[in-house]
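S.K.:
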Amino acid sequence: MFKNQKEEKVTQDLINSNNIIGKGSTFNGNIDTYGNLRVEGRIIGNVRSKSKIAVGQSAVIDGNILAQVAEVEGEVKGSVEVTDVLILKPTCSISGDIIANKLVVEAGAKFDGQCKMGSAKNKVDFENKSDDDKKSPLKAAGNG
Numbered sequence: 300m301f302k303n304q305k306e307e308k309v310t311q312d313l314i315n316s317n318n319i320i321g322k323g324s325t326f327n328g329n330i331d332t333y334g335n336l337r338v339e340g341r342i343i344g345n346v347r348s349k350s351k352i353a354v355g356q357s358a359v360i361d362g363n364i365l366a367q368v369a370e371v372e373g374e375v376k377g378s379v380e381v382t383d384v385l386i387l388k389p390t391c392s393i394s395g396d397i398i399a400n401k402l403v404v405e406a407g408a409k410f411d412g413q414c415k416m417g418s419a420k421n422k423v424d425f426e427n428k429s430d431d432d433k434k435s436p437l438k439a440a441g442n443g
C-alpha cells in the first residue's frame, strides 16, 4: 500500500519536471524525459517525452520527436509523432512526416512530408526502448 503511493509520487514528480536546452546550446544524443522539454538551442538526436515538447523559434532538432503534446515554432529535420495535440506555429518548418491525433496549423507554418491524423500511438512508452526503436518508422535522421 505504501509502496504504490510512493511510486505514484515519484512518477508525478517526474511528469512535473521541466527541462530546457537553452539558446546557443547544442546537445548531441537522444533525450528521453517524463517531463516537459523546452528547446531553444540545437539537438542532434531523437527526443521523446511523456509530456510536452516546445520547440522555440531559434531551435533546430536534427532527429525525430515523440511526445504527448508538442508545439513547434522552430525547425525540425525528422518525423514528429504526437499522441495528443501538435501545434505548428507560423515560424515552424518541419522536414519529415507528421503523425498526430489532433493537429493545429497556424498560417505560415511549413512542413514537407506526409501527414497522418488519428493514427498516433495512445501513449509514449520508454519501457521497451530498444524494441520500439527497431520497429518504429521514426528513425534518426541520417541513421536509416
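The sequence shown stops at residue 443 when you use the numbering used here, and every number in between is there. We put the CB at the ideal spot given by N, CA and C, even for glycine. Keep in mind the model is a prediction, meaning the values are calculated, not measured.
In chain order, what are the residue ranges of uninterrupted alpha helix (DSSP H) at least 4 long that sit wholly in the stretch 313 to 357?
M.R.: none
S.K.: Under three-state DSSP, which class holds VAL423?
M.R.: coil
S.K.: Do ILE342 and PHE326 have their CB atoms nearer than 8 Å?
M.R.: yes
S.K.: For PHE425 and ASP331, what's the separation of their Cα atoms in angstroms?
M.R.: 8 Å
S.K.: Work out the CA separation of GLY355 and VAL368 for me, nearest whole Å.
M.R.: Approximately 14 Å, taken between the alpha carbons.
S.K.: Any idea what DSSP makes of ASN400, helix, strand or coil?
M.R.: strand
S.K.: Which residues in the same chain have their Cβ closer than 6 Å to the Cβ of ILE319, if we skip the five residues on either side of it in sequence?
M.R.: ARG337
S.K.: Tell me whether GLY443 sits in a helix, a strand or coil according to DSSP, three-state version.
M.R.: The predicted position of GLY443 is uncertain, since its pLDDT is 39 and thus under 50; a value taken from the coordinates is nonetheless stated next. GLY443 falls in the coil class under three-state DSSP.
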